[in-house]
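Colleague:
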Ligand SMILES: Cc1ncc(COP(=O)(O)O)c(C=O)c1O
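Residue numbers (our numbering): 640 to 1050.
1. State buried or exposed for residue 916, treating a residue as buried only when at least 16 other CB atoms are found within 10 Å of its CB.
2. At what residues does the alpha helix (DSSP H) containing residue 740 begin and finish?
3. Could you tell me whether any non-hydrogen atom of ligand 1 is closer than 7 Å to the CB of residue 765?
4. Can you give the Cα-Cα distance for residue 707 and residue 701, rounded to whole angstroms?
5. With DSSP as the reference, label residue 958 as helix, strand or coil.
6. Between 903, 760, 774 and 761, which lies nearest to residue 894 when the distance is taken from Cα to Cα?
7. Kindly indicate the opening and closing residues of the alpha helix (DSSP H) around residue 982.
8. Under 8 Å between the Cβ atoms of residue 1037 and residue 1011?
9. Would you give the residue range spanned by the alpha helix (DSSP H) that residue 808 belongs to?
10. Taking residue 829 as the reference, which of 976, 695, 721 and 851 has the closest Cα?
11. Given that a residue counts as buried once 16 or more other Cβ atoms are within 10 Å of its Cβ, and exposed if not, what is residue 979?
12. Establish whether the CB of residue 1000 and some CB of chain B are separated by less than 8 Å.
13. Do residue 773 and ligand 1 come close, with the Cβ less than 7 Å from some heavy atom?
14. Please report the Cβ distance between residue 774 and residue 887, rounded to the nearest whole angstrom; I am assuming they are in contact, meaning their Cβ atoms lie under 8 Å.
15. Which value, in whole angstroms, describes the spacing of the CA atoms of residue 921 and residue 756?
16. I think residue 746 touches residue 891, with their Cβ atoms under 8 Å apart; what is that distance to the nearest whole Å?
17. Assuming the contact rule is C-beta atoms closer than 8 Å, residue 960 and residue 1029 should be a hit. Round their C-beta distance to whole Å, please.
18. Where DSSP assigns a beta bridge to residue 914, which residues make up the other side?
19. Do residue 799 and ligand 1 come close, with the Cβ less than 7 Å from some heavy atom?
20. Quick check: the region 835 to 847 against the region 712 to 730, are there 3 or more CB pairs under 8 Å?
21. Would you check whether ligand 1 has a heavy atom nearer than 7 Å to the C-beta of residue 722?
22. Between 648, 655, 712 and 723, which lies nearest to residue 938 when the distance is taken from Cα to Cα?
23. Whole angstroms is fine: what's the gap from residue 868's alpha carbon to residue 650's?
24. Below 6 Å CB to CB, which residues in the same chain sit around residue 998 once its five sequence neighbours on both sides are set aside?
25. I'd like to know whether the C-beta atoms of residue 820 and residue 754 end up nearer to each other than 8 Å.
26. Determine the burial state of residue 913: buried for a count of at least 16 other Cβ atoms within 10 Å of its Cβ, exposed for fewer.
27. Okay, do the region 837 to 853 and the region 872 to 889 touch, 3+ Cβ pairs below 8 Å being the bar?
28. Mind checking which residues open and close the alpha helix (DSSP H) that includes residue 684?
29. Thinking residue 955 and residue 682 are a contact (beta carbons under 8 Å), I'd like their distance in whole angstroms, please.
30. Might you give, ordered along the chain, the residues of its own chain that have their beta carbon closer than 8 Å to the beta carbon of residue 934, omitting 5 neighbours on each side?
31. Taking residue 1017 and residue 832 to be in contact with their CB atoms under 8 Å, please state how far apart those CB atoms are, rounded to whole angstroms.
32. How is residue 696 classed by DSSP in three states: helix, strand or coil?
33. With DSSP as the reference, please indicate the residues paired to residue 1021 in a beta bridge.
34. Quick one, which of 865, 866 and 811 has its alpha-carbon nearest residue 850's?
35. Since residue 764 contacts residue 865 with CB under 8 Å, what's their CB separation in whole angstroms?
36. Would residue 698 pass as a contact of residue 932 if the rule is Cβ separation under 8 Å?
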């Protein structure tokens, strides 16, 4: 069965992804099963998407219920679910309005178009982004991303993006020119290897943007939606220092739909009409099923206090992984992250490793054998992006399986 599926992939699916040789069949909460019946603890959460785990009964019910009522509604009309979701998201940020799309790249696109449209009046088009950042795979997304590997072979790129080192406020200051209209960052660089922004950097960025009349665009696609223990990671990073800090726009996707494809961009009231009628759109954006699911996810997260769970279990995982780092320094080089967004910098050069593959991929494969799903990034980072409703027992089981894998690899 699993071989047949893999063969069909090989023959019929465009090979843009390096897929692992796992064929998944079903999931329940934090676990998934492959077509051979093997069970895995899913600490990768579909790259920060499955925020309530797999097959959450309330999510399945809201999806099924909505699909039997109104599956699609063109954005030429109004419906209750989208209005409620927009209000719910805006209330968690500040006065402003929301545009809905279908993917993280589309959320980025809205922010680029917001900046371009605003800059038209005085010939400003440059957006400063960070080195190592990732903002999606559209032409604008790869142009904005600060990683050479995503741009290779796609020249000419969209003009107007300037990349500067992350967490370096002086670099941003020096890059500002009369053509600059916005600065865009991730609160924690995810694809770049799990690097959180510092509070000082965020406060400095807000001040610089205010001084130079620039938009501060926040990519919360991976690090948002309570992953760090607050709705958006700037709330976690700034804590008591938050004051009236707010970006001018916040991009959301991934966990927003918990597996149903959707994205949203909150735009502050001051700029909410820059994208007026006819300037942007999406056939499926804010679809009734997506909104039903997203509204239910927010209800469950609030009701079950999952922000606190992400904070507490995040601390627990990071503390325990740091203890493992002391025990196995050659295998575990560094543990970084906030809440349930954790990056583990792994060692290389072990006997069973194949030199032609990045260490990150080999560690993730070794973890598959032990029965855990995690997400590789860069050459040597293994990411934990588990569901926000992970239990302490599941977190402990994940740590035990992780330690067993380390022991197997280094022996
Ligand atoms: C920070 C960030 N922005 C944008 C994206 C693009 O999202 P999508 O793959 O849904 O287009 C990603 C995806 O990993 C991301 O991590």
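In this text, a Cβ means the ideal position worked out from N, Cα and C, and glycines have one as well.
Modeller: Let me lay it out:
1. exposed
2. Here residue 740 belongs to no alpha helix (DSSP H); instead the beta strand (DSSP E) covers 735 to 740.
3. no
4. 10 Å
5. helix
6. 903
7. Careful: residue 982 lies outside any alpha helix (DSSP H), inside the beta strand (DSSP E) at 980 to 985.
8. yes
9. 808 to 814
10. 976
11. buried
12. Checking the listed chains, one finds no chain B in this structure; it contains a single protein chain.
13. yes
14. About 16 Å; that fails the 8 Å criterion.
15. 18 Å
16. 6 Å
17. So it is not a contact: roughly 14 Å between Cβ atoms.
18. DSSP output for residue 914 lists no bridge partner at all.
19. no
20. no
21. no
22. 723
23. 43 Å
24. 985, 987 and 1019
25. yes
26. buried
27. yes
28. 684 to 687
29. Residue 955 to residue 682, Cβ: 13 Å. No contact.
30. 701, 720, 723, 724 and 727
31. 5 Å
32. helix
33. 983 and 1015
34. 811
35. Not quite, the Cβ-Cβ distance comes to about 34 Å (not below 8 Å), so this is no contact.
36. yes
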